[in-house]
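Have a look at the structure below, then the notes.
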Amino acid sequence: MEVFNTRRLTQRQRFGLAVAVGIIAAIVLGILSGKISLWIGQSTGLGFAIINIGAGYLLGMTIQKIGRGVQTKFSILGGVLGVFMVLISEVIALGFPIYALFMPEVYRSTLNILLGGGVNSIITLIYNAIAVYTAYGYSRFL
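Using our numbering, read the sequence shown as starting at 7 and increasing by one per residue.
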């Protein structure tokens with residue numbers, strides 16, 4: 007059972023485990039934050055992308071606790087997975103079903119909506135950038 011004993015794993019094994027667990031966490035957190043944003047958006051009529059910052063923090067902390075790394079590659083992993091988490095969250099928050107996550111045209115239309123809007127889209131992009139930076143910053147020990 008040395009796979010689950012992270013203190014006995016080598017640096018390469020810890021990074022591999024951080025990648026695997028990080029991908030799962032990014033998908034789960036993206037779906038959860040998207041559903042919460044969709045629910046709040048339907049209730050109030052306002053977007054709620056600020057929830058992605060909390061999801062980015064949880065993603066970063068998951069990578070930090072599993073990987074226990076101090077190298078920059080852990081931060082880069084957190085940033086890349088943070089971008090995927092934000093994209094998944096925005097797809098779900100726009101009301102697409104979960105099976106639409108496997109359709110590339112859904113991501114294209116989501117990006118068109120995010121990049122082609124007004125003030126609300128700019129605020130959403132700022133919150134999402136903060137979420138990615140949060141995942142990047144908390145993914146490794148400093």
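Ideal placement from N, C-alpha and C gives every residue a C-beta, glycine not left out. Since the structure is predicted, the reported quantities are computational estimates derived from the model, not experimental observations.
Drop a sphere of 10 angstroms on the beta-carbon of residue i, count the other beta-carbons inside from all chains shown, and report buried for 16 or more, exposed for fewer.
i	result
Val-76	exposed
Arg-146	buried
Ser-81	buried
Gly-22	exposed
Leu-64	buried
Val-125	exposed
Gly-122	exposed
Tyr-144	buried
Thr-68	buried
Ile-72	buried
Expressed to the nearest angstrom, what Euclidean distance is found between the alpha-carbon atoms of residue i and residue j?
i	j	result
Leu-117	Leu-131	10 Å
Ser-95	Gly-47	13 Å
Tyr-133	Phe-54	9 Å
Thr-16	Ile-30	21 Å
Tyr-142	Val-25	14 Å
Met-109	Phe-102	11 Å
Leu-148	Gly-51	40 Å
Asn-105	Val-112	As written in the sequence, residue 105 is Tyr, which differs from the Asn given in the question. If I take the Cα positions, the gap works out to 10 Å.
Ser-115	Arg-18	37 Å
Tyr-139	Val-34	19 Å
Could you tell me how far apart the beta carbons of residue i and residue j are, in whole angstroms, since I believe they sit closer than 8 Å?
i	j	result
Ile-136	Ile-59	5 Å
Ile-98	Ile-37	6 Å
Gly-88	Gly-62	5 Å
Length-filtered (3 minimum) beta strand (DSSP E) runs lying within the region 9-58: none
Of all the alpha helix (DSSP H) runs that stay within the bounds of the region 66-103, which reach a length of 4 or more residues? 78-99
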